[in-house]
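**Student:** With the sequence shown counted from 1, adding 13 to any position gets you our numbering. Positions of the beta carbon are idealized from the N, C-alpha and C atoms, including for glycine. Every value quoted in this text rests on a predicted model; they were computed, and no experiment measured them.
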Amino acid sequence: MDVGHRQICMEAQYDPKKVEDKIYQLWSESGFFNPDNLPDLANGKKRTKPYCIIMPPPNANEALHLGHALMTTLEDILIRYRRLRGDITLWLPGADHAGFETQVVFEKKLEKEGKSRFQFDRETLYQMIWDYVQQNKDVAQNQLKRLGASCDWSRNKFTLDPDIIKIVYQTFEKLYNEGLVYRGLRIINWCPKHQTGLSDLEVKYEDREDKLWYIKYPLVGDKDKFIEVATTRPETMLGDTAVAVNPEDARYKKLVGQKVLLPLVNREIPILVDDAVELEFGTGAVKVTPAHDATDFEIGQRHKLETIVVIGQDDKMTTVAGTPYAGLKIVEARQKIVQDLEAQGFLIKEEPYRHSVGVCYKCGRVIEPMVSEQWFVRIKPLAERAVEAIKKGEVKFVSEKYEKIFQHWMANIRDWNISRQIVWGIKIPVWYKTSVGSKMEAVHFNEKILCAKLGLKNEAEFDQFSNGFGFDDRNIQWASGRKGEILLYVGYIDLLKSKGYFDEYWVEQNRTDKNLSESEFRIGEKPPEPIGWYQKPDTFDTWFSSGQWPFATLQTTKAGDFERFYPTAVMETGWDILFFWVARMIMMGFYATGQEPFRQIYMHGLIRDKDKKKMSKSKGNVVNPLAVVDENGADALRMALVFNAASDSDLPFGEDKVVAQKRFANKIWNAARFSLLSLEDFNEKAKTKFTAADEAILKELEETAQKITKDLDSFNFHEAAQSAYHFFWHSFCDKCIEDVKERIKEPVSAEDKATAQYVLWKVLGDSLKLLHPFMPFITEEIYQSLPEKKRPALMVEEWPC
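1. So, using beta-carbon positions, are Y374 and K217 closer together than 8 Å?
2. Among F131, G161 and K128, which has the Cα closest to the Cα of T792?
3. Taking a contact to mean a Cβ-Cβ separation below 8 Å, would you say I321 touches I284 in this structure?
4. What did DSSP end up calling H81 once you bin it into helix, strand or coil?
5. Would V889 be called buried (16 or more neighbouring beta carbons within 10 Å of its own) or exposed?
6. Ignore the nearest five residues each way along the sequence and tell me which others in A649's own chain have a CB closer than 7 Å to its CB.
7. Is it true that the CB of N645 sits closer than 8 Å to the CB of H731?
8. Is it the case that the Cβ atoms of P541 and W444 are separated by a distance below 8 Å?
9. Is DSSP giving K675 helix, strand or coil here?
10. Reducing DSSP to helix, strand and coil, say where I177 ends up.
11. Can the beta-carbon of M788 be found closer than 8 Å to that of R686?
12. For a test of the three-state rule: what should DSSP assign to P394, helix, strand or coil?
13. Measure how close the beta-carbons of N74 and N149 come, nearest whole angstrom, since I'm counting them as under 8 Å.
14. Between T137, G778 and F359, which has its C-alpha nearest D237's C-alpha?
15. Taking the straight line between their C-alpha atoms, what separation do you get for N804 and L97?
16. Tell me the rounded alpha-carbon separation between G44 and K571.
17. At the level of alpha carbons, what is the spacing between H457 and W437?
18. Please state if the CB of F695 and the CB of T768 are separated by a distance shorter than 8 Å.
19. Mind listing, in chain order, the continuous alpha helix (DSSP H) runs of no fewer than 4 residues lying wholly within the stretch 96 to 164?
20. Rounded to the nearest angstrom, what separates D624 and F666 at their Cα positions?
21. Does the pairing of the stretch 391 to 404 with the stretch 102 to 118 give three or more beta-carbon distances under 8 Å?
22. Using a Cβ-Cβ cut-off of 6 Å (strictly less than) and excluding sequence neighbours within five positions of V809, which residues of its own chain qualify?
23. Mapping DSSP to helix, strand and coil, what is E815?
24. By Cβ distance below 7 Å, which residues in the same chain neighbour D253 in space, the five residues on each side in sequence not counted?
25. Under 8 Å, with one C-beta from each stretch per pair, do the stretch 423 to 437 and the stretch 380 to 395 reach the 3-pair mark?
26. Have a look at the DSSP bridge pairing and note the partners of F553.
27. Under the three-state reduction of DSSP, which class applies to L790: helix, strand or coil?
28. What separation, rounded to the nearest whole angstrom, lies between the Cα atoms of R612 and V776?
29. In this structure, what does DSSP give as the bridge partners for S369?
30. Taking L268 as the reference, which of N279, V286, V278 and L277 has the closest Cα?
31. If you follow the beta strand (DSSP E) that M584 is in, where does it begin and where does it stop?
32. Alpha carbon to alpha carbon, how far is A699 from W774?
33. Could you give the DSSP three-state label for F666: helix, strand or coil?
34. Taking DSSP as the reference, what is the three-state secondary structure of W546?
35. Measure the Cβ-Cβ separation of P69 and T586 and say whether it is below 8 Å.
36. Using DSSP's beta-bridge definition, name the partner residues of V286.
In structure tokens, the structure reads:
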């Protein structure tokens, strides 16, 4: 059969800039990213098996980095592979509002402009961040497209979408109604710079060289006798309410039950026993400050000790600390207290002491343990179900290494603080009862509050009281009074304006044993009644909402998506958010739906520079992935990232690796161009008779396809990529092309030429399929020129085995 000569339209050299936008448009217009539009298989069989990946939503606060590029590449490989295998594939994209992270980024932006977040009321600041995030979301989406992400953009979600927020509220209410959420006075990790509480996971620990001070606490009734305590934080001693020793410590048995006189304060406090005291630390006797140490707080709860707050949320000493320490910064107070202890004969000695210090993971400021009323998830029951799921194999880690780490962490998990004192995020749906003219007490404060900034609005009225303030609650959400450590919350948003502030405000009554606390509250999206209820400005920890991402997205996209695609196939993400996110998704997924959120977990390594150092802006070694794409093409970057992407290892990255894959892309192009020129008169149905060399290359092709299939099924991305690379370069180019080109150019018979052409066509076509998940742009472009192609696009072809 004479098929004539085809015109081959391939440029002499491969230019990614000319190809990539065109090909992505072809994919977009095909509609094949959407699982509802996928064509049947070539043999007429229907696609039946759903395969879904929920994209870890990139933070909507800045451009994508190389970590995002790796995530995008690995997940796109899985989706393209499963699509070629005939599955109904859904890769659901999204963006994360990234509460605290985004607010920190935006505050840095304001600082560069000479501004502060405290210059704006909550409503204005929220809107400013919203506008900033919307712009970045669009940028990030375009960057994902440039990397070749074959997501279904019609199902794109955002963590602040109203329907997502509604599900988050429903989960919170369910947790509360079942006794798994509670409001409690606890020690939290307070960041003085960002003015918010942080979860334990958001605290980094650094080894630091400090001092250990040994202090005399004289016994009441006999000042010549004393108990010696050691502390790294003498400034907190002003809030001590006991001295504790271990019950097994024979040295102090006769002193237990006696009292000591607290130095500098002259307050009597008891000596008690508690198992939490470490025998080996210092002298074995420790000061107990329930307001400023997590262990001390628990000791205080067990022994019903008073809680005295001497350090405020602004990192300064409170008025309760007394003269002359009130108002001093912590470091200043420490120096002053040590001087006074020495002057009054209470300081025994000081010595160097190396210990671990908690700091904010974003700004590096030392974390201040602070007593605060917060919302917590009672996490143990949720953790037990998650651990059971791992043991039963309902959820499987690809790497046993991370399973062991997961199990260890879950066994030691603590209740989760889910409230944050920031503007950007989902407000906690709790409404507090108030009444007209009701009084709210100022806590831990006993002086004038300067610039209280109690804003006014038309119908709102404020009255000053000697120990607080009253208000008409029409249109009121909150008002904030602040000087130093105090924040008085009565509601927010509607009241703050640029005028109408009280410049001074007198608070006579001092409270040392409690925080502001409302006895009556309700859970819900809206207040129970139009008036008489207000909402605090606290927001959810961003991980509380993103922990619900797999089911919240599928429940809010298209009708039937949840039933069809949940549980999802795999969660692919970086190992650094195993606890932040993966563990919480498993817990929240089982709790909210009764099912696992995903069946497998693949954790990729972090990208380092070529010297294996962490990438950071301060080190100047951060690589912009889009700049690499502009220079080398998306396929070269993708292949470079995946070529060494072993699950348990971090990835050293150098642009020399990308250049090497750019050369490979050019090799693919040149080999394909030669092949297509040799196939201008190819007829798939012509009679063939294979030589031994033909059978050998076809067998090797089959074995390579089987190996790549096995590797991709096992998430061995690097091995699959290397197999595809080596087969194309060394088997197809070096052997196959060399064997058939003379047989096509100067054939010994029509049958042998047809056979050589068939082998060339078959091996090239299947090689494109095998390479497509890794290098989708160049393979699709070549496929569009391939004779006798079966499908409108390579992305919906059929896998070779």
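**Tutor:** Looking at the atomic coordinates:
1. yes
2. G161
3. no
4. helix
5. Lying before the first or after the last residue shown, residue 889 is absent from the chain, which here runs from 14 to 814.
6. V671, Q674, K675 and A678
7. no
8. yes
9. helix
10. helix
11. no
12. helix
13. 6 Å
14. F359
15. What sits at residue 804 in the sequence shown is Arg, not Asn. Computed Cα separation, rounded: 11 Å.
16. 16 Å
17. Its pLDDT being 29, under 50, H457 is placed unreliably in this model, and the value from its coordinates should be taken loosely. Rounded to the nearest angstrom, the two C-alpha atoms are 27 Å apart.
18. no
19. 112 to 125 and 135 to 159
20. 8 Å
21. no
22. F45 and P52
23. A question about residue 815 goes unanswered here, because the residues of the chain that appear run from 14 up to 814.
24. L275, I282, K300, V301 and T302
25. yes
26. S432
27. Residue 790 is actually Phe in this sequence, not Leu. If DSSP states are grouped into helix, strand and coil, F790 belongs with the helices.
28. 35 Å
29. D220
30. V286
31. T581 to G587
32. 13 Å
33. strand
34. strand
35. yes
36. V258
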